[in-house]
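Take a look at the structure set out below.
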Amino acid sequence: MSDPTGTANILHQFTAYDQLREDYSPEVANALTQKNLARHNVPATSGEVEAWHRINTAAANSKLDIPAERSTADALANAAVAAIWETVSTSAPAQALETTGAADEDLDEDEGLDEDEGLDEDEGLDEDDADELPSLNDIYGYEDDEDNEEAALDDVLKAQERAD
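Residue numbers (our numbering): 4 to 167.
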């Protein structure tokens, strides 16, 4: 019989590690696993081996559900984007009026626009502009893209904490 590979090997290694813990001690299991990893040029500390075991034990006991966590994070991120988009899209017409001068308070009543007078095609919002989503730079305003990405991730994580 050939050695297990892939997911089967993960289960095989976890079972062997668990047996070492039972037969000897967690310290012995960690040390032997650490030595075997080093032999295969995979550096790991004893603490990292212990963390690997905690994660696998949680998974084996149905206390780990990464796909569910991802779904929650995706839903929160989508809700945040929808809220931001709603804010941007509702404030865009007001900004367009401010930038085109159509909301100029200095106009006399006699100098108002007739119904057939209005914004030229070049003025105001293009239809293409309305379809574009704001960039992270537009939303967060940092000069560095990494800072904007970090701020977005922070918002998603905070929203996720509130959902818990």
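Glycine included, C-beta positions come from ideal geometry on N, C-alpha and C.
A direct Cα-to-Cα measurement between N140 and R165 gives close to 25 Å. T48 carries a coil assignment under DSSP once its states are collapsed to helix, strand and coil. Membership of K38 in the alpha helix (DSSP H) is indicated by the continuous run P29 to R42. Note that the C-beta distance between N33 and V45 is not below 9 Å. T36 counts as buried, since at least 16 other C-beta atoms from the protein chains shown sit within 10 angstroms of its C-beta.
For K161, the enclosing alpha helix (DSSP H) starts and ends at D148 to A166.
With a contact defined as Cβ atoms closer than 8 Å, A162 and L67 miss out at about 21 Å. Per the Cβ contact rule, the region 13 to 29 is in contact with the region 53 to 73 (3 or more Cβ pairs under 8 Å).
For L40, the closest alpha carbon among the candidates E25, Y27 and Q16 is that of Q16. Taking 9 Å as the cut-off, the Cβ atoms of I87 and I142 count as close. If the five residues before and after V91 are omitted, its C-beta is found closer than 6 Å to the C-beta atoms of P137, all from its own chain and listed in chain order.
Taking C-beta atoms under 8 Å as the contact rule, V159 and A76 qualify, at a distance of about 6 Å. The C-alpha of T60 lies about 14 Å from the C-alpha of E25.
Taken atom to atom, the span from the alpha-carbon of D167 to that of E72 is near 11 Å.
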